[in-house]
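In this note's numbering, the protein residues as written are -14 to 196.
Note that beta-carbon positions come from the ideal geometry of N, C-alpha and C, so glycine has one too.
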């Protein structure tokens, strides 16, 4: 999505406010791999501390990681980083933390953070068996929380297996959803900028994200 927006000539900032499962790098601390990839794809010079204000080594939900590692997650820190990023860019892509109902801290879910940031949501789901239920539940949960869903992207994280579900999911979701299906993103063995650019151009219609 970030590369597709950049192809439109937009300056795009990126964030992943909380990341668990980070790697410990000697002399550098915790390296958030997802955030580092986002920064690379966005060709960003922003520090990882701004892209991902809260980083944890333990690969669990943020609320659990913060308790284990003794770090309080404070939404005002995330909002400040977001506002600074938004100030410098036309568009900010904020990668989620699991799903809308994932707890960040006690009494504060990902959906609450989305509401505070005032952002629409693009639901990204793996194109596999079970994605119909998962996607419809997510879209309905967003609506119940007053969050606008800009569209849905089906993603392939593994090579195509030629299954019936993979083949029929896009059309069925297009029939059942009342939000746009932005596209079906292919599996990429090579995750370079050029490969992402070509795949995004061919498979994603990002118009709904700009409206």
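Check	Outcome
Euclidean distance between Cα positions of residue 29 and residue 36	10 Å
Runs of alpha helix (DSSP H) wholly within the stretch 5 to 88 (minimum 4 residues, chain order)	18 to 26, 33 to 36, 47 to 54, 60 to 73
Nearest neighbour of residue 163, chosen from 148, 133, 186, 152 [CA to CA]	133
Secondary structure of residue 189, DSSP reduced to three states	strand
Proximal residues to residue 109 (C-beta, below 7 Å), its chain only, five neighbours per side dropped	138, 140
Which of helix, strand or coil DSSP assigns to residue 111	strand
Residue 197 versus 189, 49, 69, residue with shortest Cα-Cα distance	Residue numbering for the chain in the displayed model covers -14 to 196; residue 197 lies beyond these limits and cannot be assessed.
Which of helix, strand or coil DSSP assigns to residue 133	coil
Stretch-stretch touch, CB-based, cutoff 8 Å, three pairs: the stretch 15 to 35 with the stretch 88 to 103	no
Residue range of the unbroken beta strand (DSSP E) whose run includes residue -2	-3 to 0
Cβ-based burial, residue 9 [other Cβ within 10 Å; buried from 16]	exposed
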